[in-house]
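Asker:
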Amino acid sequence: MRRALVTGGAGFIGSNLVDGLLDLGVEVVVLDDLSSGRASNLDAARERGAELRVLDIRAAGAVAAELERVRPEVVFHLAAQIDVRRSVEDPAIDARVNF
């Protein structure tokens with residue numbers, strides 16, 4: 001694997017995955033809207049060449065454009081709406097993000 005795209009890569013799990021991929025010599029692009037992750041989680045990774053693109057994965061056209069631009073060999077989909085209360089109050093938004 002030479003190129004990967006990680007959704008939700010600015011979160012705790014995602015940023016650790018990004019670090020591991022970089023350790024393996026993989027080029028990494030992160031898609032994250034920073035609603036629960038932090039850009040600072042990727043500071044070291046960005047210094048090592050990872051790219052952060054701030055966007056909402058529900059923006060299908062923007063995601064498709066990134067997939068076309070990056071042309072990853074693998075996509076790790078870690079973006080998620082994680083607030084259980086919000087998922088109960090608004091299951092549609094939960095589904096749009098998580099599925």
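Per the numbering used here, the sequence shown starts with residue 1, numbered consecutively.
Beta carbons are placed, not taken as given, at the ideal position from N, Cα and C, and that holds for glycine.
Tell me which residues share the same chain as N41 and place their Cβ nearer than 6 Å to its Cβ, disregarding the 5 neighbours each side in the sequence.
Answerer: Correct list, in chain order: A10 and S15.
Asker: Less than 8 Å between C-beta atoms, sequence neighbours within five positions excluded: which residues of the same chain meet that for V18?
Answerer: Spatial neighbours of V18 in its own chain (CB-CB distance under 8 Å, excluding positions within 5 residues in sequence) are listed in chain order as V6, G9, V28, V30, L42, A45 and A50.
Asker: Taking only the alpha-carbon atoms, compute the straight-line gap between D23 and R2 and give it to the nearest angstrom.
Answerer: D23 and R2 have their alpha carbons spaced roughly 12 Å apart.
Asker: Thinking C-alpha only, which one of A4, I13 and E66 is nearest S36?
Answerer: I13
Asker: Quick check on the burial criterion: 16 or more other C-beta atoms within 10 angstroms. Buried or exposed for V89?
Answerer: Checking the sequence, you will find Glu at residue 89 rather than Val. Exposed is the call here.
Asker: Relative to the C-alpha of R86, which residue among L78, F76, A65 and N98 is closest?
Answerer: N98
Asker: Whose CA, out of I57, A39 and A4, lies closest to the CA of A80?
Answerer: I57
Asker: DSSP three-state call for L31: helix, strand or coil?
Answerer: strand
Asker: Please state whether DSSP places L5 in a helix, a strand or coil.
Answerer: strand
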